[in-house]
Amino acid sequence: MTTEASGFLATLAPAHRSRLLALAREVSFPAGVRLFEEDGRADRFWIVRSGSVALDIHVPGRRTAVVETLGEGELLGWSWLFEPYRWHLGARARSALLAAEFDAPKVREACVQDPGFGLAVNHGVAQVIARRLKATRTRLLDLYGPPDTGAAR
Amino acid sequence: MTAPSAVPLPYRVVSHRDETDDTATIVLEPAGAPLPPFAPGQFAMVYAFGVGDVPLSVCGIDGNRLTHTVRAVGAISSALRALRPGDCVGVRGPFGTGWGLPEAAGDDLLVVAGGIGLAPLRPLVLAALATPERYGRLNVLVGAREPGDLLYPAELTGWQADARVLTTVDRADERWQGDVGVVTTLLDRASFDPHSATAFVCGPEPMIRATADDLVQRGVQPDRIRVSLERTMHCGTGHCGHCQLGPLLLCRDGPVVTWTRARSLLLVREL
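These protein sequence lines map, in sequence, to chains A and B. Reading the first sequence from the start, the letters are residues 98 to 250 in the numbering used here. Reading the second sequence from the start, the letters are residues 37 to 307 in the numbering used here.
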């Protein structure tokens with residue numbers, strides 16, 4: 098699979114996809130590098146071409162907790178789309194990473210200049226957020242934990 | 037198909053292996069006459085003498101030997117988990133519908149398991165691995181609460197030679213190198229053609245719903261999504277009604293049903 102046909106980019110119509118990719122530059126990161134930190138300025142975002150990224154939260158007095166991993170085709174970062182443009186989480190490359198990198202102010206400007214493109218990008222990012230919210234709520238259920246039915250089993 | 041035994045037949049424990057803190061795998065062999073053959077996806081009623089019986093899916097079938105993975109969640113399952121070689125139990129079965137793997141011939145296979153849901157899927161995976169020429173690509177996607185809760189970790193590693201095996205956990209520790217997130221996120225990296233794929237899903241029902249809905253959205257036909265449902269099985273023969281789910285008696289009409297039949301039933305608050 099390629100990022101052109103899967104993941105976040107698949108949510109965009111071909112014309113919007115091309116327009117977004119025209120703003121991208123290809124980057125690579127070695128395993129272990131930190132891509133951004135919580136509360137840092139969200140001035141970039143990425144679409145993962147290959148490799149894996151861990152999203153984490155710093156918990157004072159405890160080790161940093163990995164809360165989700167992202168892989169090929171997935172959008173890395175959405176805080177750049179909403180004020181105050183600060184990262185909600187940290188991110189670390191778990192393996193060698195290839196990605197399409199975007200300058201967030203340029204993409205936001207393109208969204209303003211072309212409302213159709215802007216709507217498509219916002220819609221695509223909203224889908225990502227909704228999917229991750231749903232996944233988070235599912236995990237809140239602690240489905241694999243001990244059952245609480247009280248049945249004699 | 038041979039009729040299941042209505043009375044428990046004596047079986048002896050020949051091995052016990054702890055899987056996790058609360059889960060163990062036991063292998064049983066007949067102490068006398070064996071039960072009729074089990075198919076992957078079917079279950080047995082396993083009786084801990086003096087305590088009671090519970091339904092346990094078969095997670096391994098080797099001749100007349102039956103393998104069960106049991107999680108201690110109550111008095112009976114705790115008694116079964118504590119069994120050691122030489123102990124005896126009573127076994128009835130086989131009960132219920134199987135996974136129907138042969139009907140998926142030619143298809144890409146998606147095996148999606150959550151938690152202990154991997155146990156009933158294990159014999160299906162082993163059958164698919166044993167006859168690779170009959171099927172397309174085999175994907176095994178497994179979710180667990182924590183790394184230490186993953187069942188059969190050595191086997192999962194071994195299956196990677198012939199299948200795409202992906203694992204994810206809800207809570208990672210510092211040693212965990214796999215994914216973190218719900219099992220549905222693994223579907224992005226599975227190798228399958230949605231128009232010629234059959235999925236087999238087992239786990240907690242919210243996980244089943246999320247997985248099946250995601251598969252349908254990707255183009256998999258609901259009739260080709262088979263899910264294993266769980267209710268309080270008691271008689272195993274469709275007489276007592278304890279396992280009723282709407283029009284289904286799951287011990288007889290299930291536990292494996294298609295998503296076409298299951299979806300509407302799982303959306304009803306009480307049936």
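Positions of the beta carbon are idealized from the N, C-alpha and C atoms, including for glycine.
- The C-beta distance from E65(B) to R53(B) rounds to 15 angstroms, too long to fall under 8 angstroms, and the pair is not in contact.
- Annotation: C124(B) to V43(B) spans about 15 angstroms, alpha carbon to alpha carbon.
- Under the three-state reduction of DSSP output, G96(B) falls in the strand class.
- Interface criterion met: the Cβ of A232(A) is under 8 angstroms from a Cβ in chain B.
- Pairing S125(A) with P240(B), the inter-Cα distance amounts to about 39 angstroms.
- The C-alpha of T167(B) lies about 22 angstroms from the C-alpha of P189(B).
- Cβ-Cβ distances below 8 angstroms link A223(A) to nothing in the same chain once the five nearest sequence neighbours on each side are left out.
- Straight across, the Cα-Cα distance linking P40(B) with G221(A) is about 53 angstroms.
- With a threshold of 8 angstroms between beta carbons, A208(B) makes contact with chain A.
- With respect to the 8 angstroms criterion, N175(B) and L137(B) are not classified as neighbours on the basis of their beta carbons.
- Bounds of the beta strand (DSSP E) holding V63(B) are T59 to P66.
- Counting along the chain, W135(B) sits inside no beta strand (DSSP E), nor does DSSP assign it H or E at all.
- P230(B) has a beta carbon lying at 8 angstroms or more from every beta carbon in chain A.
- Runs of the beta strand (DSSP E) lying entirely within the stretch 159–230 of chain A and spanning at least 3 residues, in chain order: 162–167, 187–190 and 194–200.
- Within the stretch 140–193 of chain B, the runs of beta strand (DSSP E) at least 3 residues long that lie entirely inside it are, in chain order, 144–150 and 174–180.
- Residue burial is scored here from C-beta neighbours: P121(B) has fewer than 16 other C-beta atoms within 10 angstroms and is therefore classed as exposed.
- Look at R122(A) here: in three-state DSSP terms it is strand.
- Q253(B) counts as exposed, since fewer than 16 other C-beta atoms from the protein chains shown sit within 10 angstroms of its C-beta.
- Around M81(B), no beta-carbon contact reaches into chain A at under 8 angstroms, the shortest distance being about 12 angstroms.
- Within the stretch 167–178 of chain A, the residues whose Cβ lies closer than 8 angstroms to some Cβ of chain B are G168, E169, G170 and E171, listed in chain order.
- Listed in chain order, the positions of the stretch 116–141 of chain A with a beta carbon within less than 9 angstroms of a beta carbon of chain B would be empty, since no residue qualifies.
- Annotated as distal: G274(B) and L265(B), with beta-carbon spacing of 8 angstroms or more.
- The Cβ neighbour count for A128(A), taken over all protein chains shown within 10 Å, is under 16; the residue is labelled exposed.
- One Cα belongs to I97(B), the other to L157(B), and the distance between them is close to 12 angstroms.
- In the displayed model, M269(B) falls within coil according to three-state DSSP, outside both helix and strand.
- Between the alpha carbons of T59(B) and T105(B) lies a distance of about 7 angstroms.
- Taking a beta-carbon distance threshold of 8 angstroms, P242(B) counts as an interface residue toward chain A.
- Secondary structure of R101(B) (DSSP, three-state): strand.
- For V216(B), the neighbours in chain A by C-beta distance under 9 angstroms run, in chain order, A151, L152, V163, V164, E165 and T166.
- In the DSSP assignment, M243(B) is bridged to no other residue.
- By the CB criterion at 8 angstroms, A115(B) and V87(B) fall inside the cutoff.
- Taking 7 angstroms as the upper bound on Cβ-Cβ separation, chain A lies near residues G150, G151, A180 and R181 of the stretch 148–181 of chain B.
- Contact annotation for G158(A) against chain B: no contact, minimum CB-CB distance about 15 angstroms [criterion: below 8 angstroms].
- Between T221(B) and D259(B) a beta carbon distance of about 25 angstroms is seen, past the 8 angstroms cut, so the two are scored as non-contacting.
- Within 7 angstroms of the CB of D54(B), no CB atom of chain A is found; the nearest one sits about 17 angstroms away.
- Per DSSP, W143(A) is one residue of the beta strand (DSSP E) stretching across R141 to S147.
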